[in-house]
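Quick mapping for you: the protein sequence lines, in order, are chains B and W. Residues 978 to 1325 (my numbering) make up the first sequence, in order. Residues 978 to 1325 (my numbering) make up the second sequence, in order. The C-beta atom is built at its ideal place from N, Cα and C for all residues, glycine as well. Quantities reported herein were computed from a predicted structural model and do not represent experimental measurements. Shown next, in structure tokens, is the structure this report addresses.
Protein chains: 2
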Amino acid sequence: MPPEPAAPRFLAACRREPVDRPPVWMMRQAGRYLPEYREVRGQVGFLELCKTPDLACEVTCQPIRRFGFDAAILFSDILIPVEAMGMPVEFVEDLGPVLDAPIRLRGDLDRLRVPDPEATMPFVPEAVRRIRRALPATPLIGFSGAPLTLAAYMIEGAGSKDFVELKRFLWADPEAARRLLRLVTDTVVLYLEAQVAAGAQAVQLFDTWAGVLAPRDYDELVLPYVTEIVARLRPRGVPIIYFVNGAAPLLERMKRTGADVMGLDWRVDLGEARARLGPDVAVQGNLDPVALHAPPAVIAERTRAVLAAGGGTGHVFNLGHGILPDTPIAGVEAMLAAIRGEASGGAG
Amino acid sequence: MPPEPAAPRFLAACRREPVDRPPVWMMRQAGRYLPEYREVRGQVGFLELCKTPDLACEVTCQPIRRFGFDAAILFSDILIPVEAMGMPVEFVEDLGPVLDAPIRLRGDLDRLRVPDPEATMPFVPEAVRRIRRALPATPLIGFSGAPLTLAAYMIEGAGSKDFVELKRFLWADPEAARRLLRLVTDTVVLYLEAQVAAGAQAVQLFDTWAGVLAPRDYDELVLPYVTEIVARLRPRGVPIIYFVNGAAPLLERMKRTGADVMGLDWRVDLGEARARLGPDVAVQGNLDPVALHAPPAVIAERTRAVLAAGGGTGHVFNLGHGILPDTPIAGVEAMLAAIRGEASGGAG
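Structure (structure tokens):
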């Protein structure tokens, strides 16, 4: 069976307009769980893939071709603008991104600049333009890491469990922290504006690490900057999705950013989240990504439960986090069949 | 300055009775951040330390001697009863506990038994008796992992990031999941009863991994078992503390367990948590453990903010998670000085 044609239901749902059914896409949908992605990656390194518009376009299109998702998302890495700010990034297999010279002292900020995206990251808008031509009927989401999340990588120099370096920096020198978050905020705005100018029809801000902060730190170190980004992007007229991993304690605060769609991880009940958020904002989420490892009947039941909790209008169906690299294709198919009201798991 | 004498304020706070100031202890307070602990560990392996009552008693007393905390907690490991159930545990340096033959199939459950604590773990009640003699004026907390958290180790075989094996097991064979959780629940009840019989004056259930579940899974796989444990321990007359890491989405559910004190991680605002929980339950927490790496003035301010949010009565001051191994002693001193209303950081 060929994929169903992409409908504008993704953009409608972001704007809380009526839809025939909630749209669906998956965070990290162009990724290692796809054999066709692994084939491309067998030939080029990760950063080279991000920086080669033809290849970035190709892998962005792969999950749309296979599954007919209701939105595509630019294939890239959240550290691309960090590199453009002046911090070389390396990708170490099985370890993820590593920054050789992380920010640890106030003076380290002197190395950073707010980069012009077209000059320093021309491959990103170019990939956006190619994807739009390749997928004229599928809305394209641009994205960026949010300031605190990018600052976490810049200070830790890699992923972290406890974020001791990040918090130590933020608390020991609040003025330097504000200076860093200001630089990143300006970078993110220009970076997303460039993606929208090139054709991105929506943007998602990934605040993967905002949830490791106490709420008082969120109020001080996250909320003002994300709010500013939303306000500065508003004139561009595209829906803004704001994803936080560990959103439950922060829902009311997230809403104050003014973003159109709140992206939620799986650890919060979607119905309770909608009740707390109120009817004037859309939500995205939030099937536990591990659920795609369950038997098909369990996937179908859990998918329907998320749809029911989402309430139909103003709900973009997604996983509660990125799809895991070892997820079976059949799990994705079972989820899509349940969303599309099909009886069995075959969807691609 | 010698440590202040331990007062019964810990037990009073658990029961929401008036106290002169909130009591304070720290999760993992007998641990690697203490030079005197590292000295003991330089001579014996971790499991040997857990299983030698004299040494377990000694390291339990160390933080009380140095800091005069308002409660001691039995030094042990949450996997001790798992080993007694029939699963050998190894401790790999820098990697933590490893179970050679994790539970992956229904048939693996046949290897498990509900152990008699006095017969299989006699060193635990013996350590409790020695600690009570060594610290007659300081309330002693016994503890156990909660069923889901112990089951997570038993199924994953080690720590995990995504808990794919755990969730796959729970969802693929709900009957086997219930059988496993039943075995663990019975084990935990006997284990905690033995600690109380030996002299433990309160108990804490650590549900470190319950927060990785979606709320619907918590309702099915956690709540009934923890509720049963609380009910079965109730006749013993000791306060029951229930700690969940990632508690924010689960507060109202945690309260339904009937535990006396809700242990909260740092990611939820303590004032908001108290408002949601209501006045008929005590709380424990919830300073970000990383805050102890901040400058002393920041530690003092953040400690006072937690005290203010805790509201005085029915609040046991603690970190929001275990103290990190590389925490400076001076950080703990600054926190204690703020709790005790002293001007500077010297407390030990």
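CB of residue i within 7 Å of CB of residue j, strictly
i	j	result
valine 1216 of chain B	alanine 1171 of chain B	At residue 1216 of chain B the sequence reads proline, which differs from the valine that was named. Cβ distance not < 7 Å, so proline 1216 of chain B and alanine 1171 of chain B don't count as in contact.
arginine 1083 of chain B	alanine 1153 of chain B	yes
alanine 1128 of chain B	leucine 1157 of chain B	yes
valine 1221 of chain W	glycine 1248 of chain W	no
threonine 1162 of chain W	valine 1091 of chain W	no
valine 1245 of chain W	alanine 1271 of chain W	no
methionine 1312 of chain W	isoleucine 1276 of chain W	yes
methionine 1064 of chain W	leucine 1076 of chain W	yes
cysteine 1034 of chain B	aspartate 1054 of chain B	no
leucine 1011 of chain B	leucine 1089 of chain B	no
proline 1030 of chain W	arginine 1145 of chain W	no
leucine 1112 of chain W	isoleucine 1041 of chain W	yes
glutamine 1039 of chain B	alanine 1007 of chain B	yes
arginine 1123 of chain W	valine 1203 of chain W	The sequence given here has alanine at residue 1123 of chain W, not arginine. Against a cut-off of 7 Å, the Cβ pair of valine 1203 of chain W and alanine 1123 of chain W comes out as a contact.
leucine 1241 of chain W	glycine 1262 of chain W	yes
Limits of the unbroken alpha helix (DSSP H) element including residue i
i	result
valine 1309 of chain B	1306–1316
glutamate 1025 of chain W	1023–1028
phenylalanine 987 of chain W	986–991
valine 1069 of chain B	Note, valine 1069 of chain B: premise wrong, no alpha helix (DSSP H); beta strand (DSSP E) at 1066–1069.
valine 950 of chain B	Outside the shown range of chain B (978 to 1325) lies residue 950 of chain B, about which nothing can therefore be said.
aspartate 1087 of chain W	Premise fails: aspartate 1087 of chain W is in no alpha helix (DSSP H) and is neither H nor E.
phenylalanine 1100 of chain W	1100–1111
glutamine 1172 of chain B	1151–1175
leucine 1191 of chain W	Reading the sequence as shown, one finds alanine at residue 1191 of chain W and not leucine. Premise fails: alanine 1191 of chain W is in no alpha helix (DSSP H) and is neither H nor E.
glycine 1248 of chain W	1247–1254
arginine 1018 of chain B	1012–1018
proline 1058 of chain B	1057–1062
isoleucine 1276 of chain W	1273–1287
leucine 1096 of chain B	Note that residue 1096 of chain B corresponds to alanine in the displayed sequence, not to leucine. 1094–1097 is the extent of the alpha helix (DSSP H) around alanine 1096 of chain B.
leucine 1228 of chain B	1228–1232
Cβ-based neighbour list, residue i, same chain, cut-off 8 Å, excluding 5 preceding and 5 following
i	result
valine 1267 of chain B	Leu1301
alanine 1255 of chain W	Residue identity differs from the one stated: residue 1255 of chain W is glycine in this sequence, not alanine. So the list reads Lys1232, once near-sequence residues are dropped.
isoleucine 1316 of chain W	Arg998, Pro999, Val1001, Thr1280, Leu1284, Phe1294
phenylalanine 1140 of chain W	Ala1129, Glu1133, Trp1186, Val1189
leucine 1264 of chain B	Trp1243, Arg1279, Thr1280, Val1283, Phe1294, Asn1295, Leu1296, Gly1297, Met1312
leucine 1086 of chain W	Ile1080, Ala1153, Arg1156, Leu1157, Leu1160
alanine 1286 of chain B	Asp1246, Leu1247, Gly1248, Arg1251
tyrosine 1219 of chain B	Ala1123, Gln1181, Leu1182, Asp1184, Val1203, Val1207, Met1231, Thr1234, Ala1236, Val1238, Met1239, Gly1240
glycine 1073 of chain B	Ala1135, Gly1136
proline 1192 of chain B	Pro1226, Leu1227, Arg1230
Beta-bridge pairing of residue i - partner residues as DSSP gives them
i	result
phenylalanine 1220 of chain B	B/Phe1183, B/Gly1240
serine 1121 of chain W	W/Leu1182
phenylalanine 1391 of chain W	Outside the shown range of chain W (978 to 1325) lies residue 1391 of chain W, about which nothing can therefore be said.
proline 1074 of chain B	B/Phe1068
alanine 1049 of chain W	W/Leu1117
Beta strand (DSSP E) segment containing residue i, residue limits
i	result
leucine 1264 of chain W	1259–1264
Residues near residue i by beta carbon distance below 7 Å, same chain, minus five either side
i	result
arginine 993 of chain W	Ala1259, Thr1290, Gly1291
tyrosine 1195 of chain B	Ala1187, Leu1227, Arg1230
glycine 1119 of chain W	Leu1051, Val1105, Leu1169, Gln1172, Val1173, Ala1177, Val1180
valine 1309 of chain W	Phe1044, Leu1269
valine 1059 of chain B	Val1066, Leu1127, Tyr1130, Met1131
Residues of its chain near residue i, where Cβ-Cβ distance is below 6 Å and the 5 sequence neighbours each way are ignored
i	result
glutamate 1080 of chain B	Residue identity differs from the one stated: residue 1080 of chain B is isoleucine in this sequence, not glutamate. So the qualifying residues of the chain are Met1131, Ile1132.
valine 1166 of chain W	Ile1206, Arg1209
tryptophan 1148 of chain W	none
proline 1094 of chain W	Leu1167, Tyr1168, Ala1171
alanine 1175 of chain W	Pro1102, Val1105, Arg1106
CB-CB length for residue i against residue j, believed under 8 Å
i	j	result
valine 1199 of chain W	alanine 1236 of chain W	That pair is no contact at about 12 Å.
leucine 988 of chain B	alanine 1049 of chain B	No, leucine 988 of chain B and alanine 1049 of chain B are not in contact; Cβ-Cβ is about 12 Å, not under 8 Å.
phenylalanine 1068 of chain W	phenylalanine 1023 of chain W	5 Å
valine 1036 of chain B	tyrosine 1014 of chain B	6 Å
aspartate 1047 of chain B	arginine 986 of chain B	6 Å
arginine 1005 of chain W	glycine 1299 of chain W	3 Å
threonine 1126 of chain W	phenylalanine 1183 of chain W	6 Å
glycine 1223 of chain B	arginine 1251 of chain B	The pair is not a contact, with the Cβ atoms about 18 Å apart (cut-off 8 Å).
Near the ligand MN: residue i beta-carbon under 6 Å from a heavy atom
i	result
leucine 1032 of chain B	Judged by which ligands are present, the structure shown has none, so any question about the ligand MN falls away.
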